[in-house]
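> Going down the list, the protein sequences come from chains S and G. Using my numbering, the first residue of the first sequence is number 6, and each one after it goes up by one. Using my numbering, the first residue of the second sequence is number 6, and each one after it goes up by one.
2 protein chains.
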Amino acid sequence: MEESSRIAGPARLRADARRNQERILVAARAVFAEHGIDTPMATVARRAGVGVATLYRRFPTRDALVRAAFAQQMETCGRALTEALADPDPWRGFQRLVETVCELQREERGFPAAFVAAFPDSTVEHARVREQVERDFTILVRRAQAAGALRADFHPSDLAVALLSHCGLVTALPHDRSASRRLVAYLLQSFRAEAAHGALPPPSALSLSSLPLAADSSRRQQPFRA
Amino acid sequence: MEESSRIAGPARLRADARRNQERILVAARAVFAEHGIDTPMATVARRAGVGVATLYRRFPTRDALVRAAFAQQMETCGRALTEALADPDPWRGFQRLVETVCELQREERGFPAAFVAAFPDSTVEHARVREQVERDFTILVRRAQAAGALRADFHPSDLAVALLSHCGLVTALPHDRSASRRLVAYLLQSFRAEAAHGALPPPSALSLSSLPLAADSSRRQQPFRA
Numbered sequence: 006m007e008e009s010s011r012i013a014g015p016a017r018l019r020a021d022a023r024r025n026q027e028r029i030l031v032a033a034r035a036v037f038a039e040h041g042i043d044t045p046m047a048t049v050a051r052r053a054g055v056g057v058a059t060l061y062r063r064f065p066t067r068d069a070l071v072r073a074a075f076a077q078q079m080e081t082c083g084r085a086l087t088e089a090l091a092d093p094d095p096w097r098g099f100q101r102l103v104e105t106v107c108e109l110q111r112e113e114r115g116f117p118a119a120f121v122a123a124f125p126d127s128t129v130e131h132a133r134v135r136e137q138v139e140r141d142f143t144i145l146v147r148r149a150q151a152a153g154a155l156r157a158d159f160h161p162s163d164l165a166v167a168l169l170s171h172c173g174l175v176t177a178l179p180h181d182r183s184a185s186r187r188l189v190a191y192l193l194q195s196f197r198a199e200a201a202h203g204a205l206p207p208p209s210a211l212s213l214s215s216l217p218l219a220a221d222s223s224r225r226q227q228p229f230r231a
Numbered sequence: 006m007e008e009s010s011r012i013a014g015p016a017r018l019r020a021d022a023r024r025n026q027e028r029i030l031v032a033a034r035a036v037f038a039e040h041g042i043d044t045p046m047a048t049v050a051r052r053a054g055v056g057v058a059t060l061y062r063r064f065p066t067r068d069a070l071v072r073a074a075f076a077q078q079m080e081t082c083g084r085a086l087t088e089a090l091a092d093p094d095p096w097r098g099f100q101r102l103v104e105t106v107c108e109l110q111r112e113e114r115g116f117p118a119a120f121v122a123a124f125p126d127s128t129v130e131h132a133r134v135r136e137q138v139e140r141d142f143t144i145l146v147r148r149a150q151a152a153g154a155l156r157a158d159f160h161p162s163d164l165a166v167a168l169l170s171h172c173g174l175v176t177a178l179p180h181d182r183s184a185s186r187r188l189v190a191y192l193l194q195s196f197r198a199e200a201a202h203g204a205l206p207p208p209s210a211l212s213l214s215s216l217p218l219a220a221d222s223s224r225r226q227q228p229f230r231a
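Below, the structure is given as structure tokens:
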């Protein structure tokens with residue numbers, strides 16, 4: 006392929022690289038869904054029909070591969086937050102955000118594992134995006150609380166608690182959509198101001214920015230290293 | 006050991022067998038907590054310092070080993086249900102049951118994985134115990150609903166949904182007790198009659214008897230096969 010690329014010029018090279026990249030991402034999603042995101046990189050390469058060296062040239066770390074494989078899902082999560090902030094009814098915005106992210110977790114079999122992954126190789130740019138998510142979600146929470154819809158003792162980290170629990174449920178029961186919908190409905194009702202009943206235990210120190218609520222834009226803009 | 010046992014008679018044999026068994030169960034809990042319940046049996050044998058053959062003689066299947074390792078935890082779950090039924094305040098009984106099982110899931114690192122395991126080798130006796138659990142829990146639910154404390158649209162399968170979600174959370178965040186306590190508080194508040202707000206989606210077909218809410222008494226009464 007390197008040979009034919011050199012003959013056909015840079016346009017052909019880019020087309021080949023893009024095709025390879027797409028094959029790798031499709032294979033990664035399938036393998037991650039079946040065996041989890043800890044599956045050896047060699048398994049992904051084999052499924053994609055590319056060499057391990059090619060895989061590593063495109064995705065030097067597993068984190069980079071996991072993030073690229075689910076970039077679209079992570080982007081949908083990020084967009085849901087933007088839309089929630091734009092909704093004139095902050096509770097409706099909040100509710101739709103939770104439902105959208107949970108629907109993705111339910112419908113995309115490999116995504117829950119990617120969702121709970123820690124991504125230790127985060128870039129500075131990525132950290133900035135995540136801080137922005139944290140700030141935006143806190144604004145949404147304040148607005149929904151000011152409107153009297155969201156309970157006053159809701160803490161932004163509770164979203165992370167809810168999403169990680171839901172991830173756990175859909176991982177344990179990947180085919181039980183009713184269980185997932187039921188949990189989401191209960192959690193949303195428990196977050197309503199009317200549901201408040203006595204003091205809650207103190208919130209977790211969990212940070213929302215540890216969750217892929219924002220697509221990693223730095224990663225997506227990165228040119229192919231073919 | 007077989008040699009020394011024969012010399013010292015059946016009492017010594019039983020003592021040796023019991024010591025081996027205890028060593029295996031301690032090793033199994035440690036290995037399952039660290040690497041999950043899918044860890045190769047050979048790893049458990051190595052950690053326990055016994056041969057693989059000895060391990061298989063005691064526990065012919067992984068299910069049998071997992072169940073024996075967490076028999077005490079499963080028994081605590083079963084006892085919590087009995088106590089809940091005995092409580093004159095059915096809502097308090099219900100609440101304590103959920104809190105007790107979730108506390109076990111939170112404090113015993115290997116237990117959540119055992120809790121969600123399917124145990125395909127269930128015995129007839131075991132199935133009977135589980136049906137009893139299902140019946141007992143349904144009685145508790147009806148009583149708490151009749152008292153006006155538990156919402157009328159709560160379905161017994163919702164307990165399984167709640168416990169599996171909590172399992173997922175403590176597996177993702179094994180050291181974050183606040184997150185676990187916060188989820189349990191939210192779920193319990195969402196189950197209260199006052200929290201009901203509009204129709205819930207239809208309940209899951211999930212059966213409570215797929216969860217180890219009852220100790221497998223058939224297993225515990227089984228004599229050593231030394």
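By construction, the Cβ of each residue, glycine as well, lies at the ideal position given by its N, Cα and C atoms. Since the model is a prediction, treat every value here as computed from it, not as a measurement.
Of all Cβ atoms in chain S, is any one closer than 9 Å to the Cβ of Cys172 (chain G)?
In the second sequence, counting from the first residue as 1, residue 172 (chain G) sits at position 167. Cys172 (chain G) counts as touching chain S.
> Would you say Gln78 (chain G) lies against chain S (beta-carbon separation less than 9 Å)?
Here residue 78 (chain G) refers to the residue found at position 73 when the second sequence is read from its first residue. Cβ-Cβ to chain S under 9 Å: no for Gln78 (chain G).
> Excluding five sequence neighbours on each side, which residues of the same chain lie with their C-beta closer than 7 Å to the C-beta of Gly56 (chain G)?
If you number the second sequence from 1, residue 56 (chain G) lands on position 51. Closer than 7 Å at the Cβ level, and outside the excluded window around Gly56 (chain G), lie Ala50.
> Please classify Ser212 (chain S) as buried or exposed, where buried requires at least 16 neighbouring CB atoms within 10 angstroms.
In the first sequence, the residue the question calls residue 212 (chain S) occupies position 207. By the 10 Å Cβ count, Ser212 (chain S) comes out exposed.
> Quick one: list the residues of chain S neighbouring Ala210 (chain G), beta-carbon separation under 8 Å, in chain order.
Numbered from its first residue, the second sequence carries residue 210 (chain G) at position 205. Under the 8 Å cutoff, chain S gives Asp181 and Ser183.
> Is His202 (chain S) close to chain G, meaning its C-beta is less than 9 Å from at least one C-beta of that chain?
Counting from one through the first sequence, the residue named residue 202 (chain S) turns up at place 197. Yes, His202 (chain S) counts as interfacial toward chain G.
> Measure from the C-beta of Phe142 (chain S) to each C-beta in chain G and report whether the shortest distance is under 9 Å.
Indexing the first sequence from 1 puts residue 142 (chain S) at position 137. No, Phe142 (chain S) does not count as interfacial toward chain G.
> Run through DSSP, which three-state label would Leu155 (chain G) get?
To locate residue 155 (chain G), count along the second sequence from 1; it is residue 150. Strand at Leu155 (chain G).
> Taking DSSP's pairing of strands, which residues face Arg197 (chain S) in a bridge?
By one-based count along the first sequence, residue 197 (chain S) stands at place 192. DSSP lists S:Leu155 as partners of Arg197 (chain S).
> Classify Ser212 (chain S) as helix, strand or coil using the three-state DSSP reduction.
Taking the first residue of the first sequence as 1, we reach residue 212 (chain S) at position 207. In this structure, Ser212 (chain S) counts as coil in the three-state DSSP scheme.
> Mapping the DSSP letters down to three states, classify Thr176 (chain G) as helix, strand or coil.
By one-based count along the second sequence, residue 176 (chain G) stands at place 171. Correct three-state label for Thr176 (chain G): helix.
> I want to verify the contact list: residues of chain G whose CB lies under 8 Å from the CB of Pro15 (chain S), in sequence order.
For the purposes of this step, residue 15 (chain S) is taken as the residue at position 10 of the first sequence. Those do not exist, as Pro15 (chain S) stays about 45 Å from chain G at its closest Cβ, beyond 8 Å.
> Give every residue of the same chain whose Cβ lies closer than 8 Å to the Cβ of Thr81 (chain G), excluding the five residues on either side of it in the sequence, and list them in chain order.
For the purposes of this step, residue 81 (chain G) is taken as residue 76 along the second sequence, with counting starting at 1. Excluding positions up to five away in sequence, the list reads Thr105 and Leu109.
> My understanding is that His160 (chain S) touches Pro208 (chain S), with C-beta atoms under 8 Å, so please give their C-beta distance in whole angstroms.
Here residue 160 (chain S) refers to the residue found at position 155 when the first sequence is read from its first residue. Here residue 208 (chain S) refers to the residue found at position 203 when the first sequence is read from its first residue. The pair is a contact, with the Cβ atoms about 4 Å apart (cut-off 8 Å).
> Could you please give the first and the last residue of the uninterrupted alpha helix (DSSP H) stretch that includes Leu109 (chain S)?
Position 104 of the first sequence, counted from the start, is the residue given in the question as residue 109 (chain S). It spans Pro95 to Glu112 - the alpha helix (DSSP H) in which Leu109 (chain S) sits, taken as one unbroken run.
> Report the residue ranges of all alpha helix (DSSP H) runs contained in full by the region 24-78 of chain G; include only those spanning at least 4 residues, in chain order.
The qualifying runs are 46-53, 57-63 and 67-74.
> Which of the three DSSP states is assigned to Ala119 (chain G) in this structure?
In the second sequence, the residue the question calls residue 119 (chain G) occupies position 114. Three-state result, Ala119 (chain G): helix.
> Is there a Cβ from chain G that is less than 9 Å from the Cβ of Phe116 (chain S)?
For this step, residue 116 (chain S) is matched to residue 111 along the first sequence. Output row for Phe116 (chain S): interface = no.
> By how many angstroms is the C-alpha of Ala47 (chain G) removed from the C-alpha of Asp21 (chain G)?
Locating residue 21 (chain G) in the second sequence gives position 16, where the first residue counts as 1. Locating residue 47 (chain G) in the second sequence gives position 42, where the first residue counts as 1. Their backbone Cα atoms lie some 21 Å apart in a straight line.
> What is the C-beta distance between Asp141 (chain G) and Leu86 (chain G), in whole angstroms, given that I count them as a contact (C-beta under 8 Å)?
Start at 1 with the first residue of the second sequence, and residue 141 (chain G) comes out as number 136. Start at 1 with the first residue of the second sequence, and residue 86 (chain G) comes out as number 81. Rounded, the Cβ-Cβ distance is 6 Å, consistent with contact.
> Is the number of C-beta pairs between the region 176-184 of chain G and the region 185-199 of chain S that are closer than 8 Å three or more?
No, they do not touch.
> Answer yes or no: do Gly115 (chain G) and Arg34 (chain G) have a C-beta to C-beta separation smaller than 9 Å?
Translated into positions along the second sequence, residue 115 (chain G) becomes position 110. Translated into positions along the second sequence, residue 34 (chain G) becomes position 29. Yes; because the gap between Cβ atoms is below 9 Å, this pair is in contact.
> Short of 7 Å Cβ to Cβ, which residues in the region 85-113 of chain G face chain S?
Here the close residues number zero.
> Can you give me the C-alpha to C-alpha distance between Thr59 (chain G) and Arg135 (chain G), rounded to a whole angstrom?
The residue labelled residue 59 (chain G) in the question sits at position 54 within the second sequence. The residue labelled residue 135 (chain G) in the question sits at position 130 within the second sequence. Whole-angstrom Cα-Cα distance: 30 Å.
> Can you tell me whether Ala20 (chain S) is helix, strand or coil according to DSSP?
Translated into the one-based positions of the first sequence, residue 20 (chain S) becomes position 15. Ala20 (chain S) falls in the helix class under three-state DSSP.
> Buried or exposed for Arg24 (chain G), going by 16 or more other Cβ atoms inside 10 Å?
By 1-based counting over the second sequence, the position of residue 24 (chain G) is 19. It is exposed - the Cβ of Arg24 (chain G) has fewer than 16 other Cβ atoms within 10 Å.
> At least one CB of chain G closer than 9 Å to the CB of Thr59 (chain S): is that the case?
Your numbering for residue 59 (chain S) matches position 54 in the first sequence. Not closer than 9 Å to any Cβ of chain G, the Cβ of Thr59 (chain S) fails to qualify, so no.
> Taking Phe272 (chain G) and Leu169 (chain G) to be in contact with their CB atoms under 8 Å, please state how far apart those CB atoms are, rounded to whole angstroms.
This structure gives no information on residue 272 (chain G), because the portion of chain G shown stretches from 6 to 231.
> Considering only their Cβ atoms, is the gap separating Arg111 (chain S) from His202 (chain S) smaller than 9 Å?
Residue numbering aside, residue 202 (chain S) sits at position 197 when the first sequence is read from its first letter. Residue numbering aside, residue 111 (chain S) sits at position 106 when the first sequence is read from its first letter. No.
> State yes or no: is the C-beta of Tyr191 (chain S) within less than 9 Å of the C-beta of Ala167 (chain G)?
As a position in the first sequence, residue 191 (chain S) is number 186, starting the count at 1. As a position in the second sequence, residue 167 (chain G) is number 162, starting the count at 1. In contact: Tyr191 (chain S) and Ala167 (chain G) (Cβ atoms closer than 9 Å).
> Check this for me: beta carbons of Trp96 (chain G) and Ala157 (chain G), under 9 Å apart or not?
Residue numbering aside, residue 96 (chain G) sits at position 91 when the second sequence is read from its first letter. Residue numbering aside, residue 157 (chain G) sits at position 152 when the second sequence is read from its first letter. Not a contact, by the Cβ cut-off of 9 Å.
> Looking only at its own chain, which residues have a Cβ that is under 7 Å from the Cβ of Gln194 (chain S), when we skip the five neighbours before and after it?
Sequence index remark: in the first sequence, residue 194 (chain S) carries index 189 (1-based). Correct list, in chain order: Ala200.
> Compare the C-beta of Ala190 (chain G) against all C-beta atoms of chain B and say whether one is closer than 9 Å.
The chain labelled as chain B is not found among the protein chains of the depicted structure, namely S and G.
> Output yes if chain S places a C-beta closer than 9 Å to the C-beta of Pro65 (chain G); else output no.
Numbered from its first residue, the second sequence carries residue 65 (chain G) at position 60. No, because no Cβ of chain S sits closer than 9 Å to the Cβ of Pro65 (chain G).
> Measuring only the C-alpha atoms, how far is Val103 (chain G) from Gln26 (chain S)?
In the second sequence, counting from the first residue as 1, residue 103 (chain G) sits at position 98. In the first sequence, counting from the first residue as 1, residue 26 (chain S) sits at position 21. If you take the alpha carbons of Val103 (chain G) and Gln26 (chain S), they lie about 47 Å apart.
> Would you verify that the beta carbon of Phe196 (chain G) is, or is not, closer than 9 Å to some beta carbon of chain S?
Taking the first residue of the second sequence as position 1, residue 196 (chain G) is located at position 191. Answer yes: the Cβ-Cβ gap between Phe196 (chain G) and chain S drops below 9 Å somewhere.
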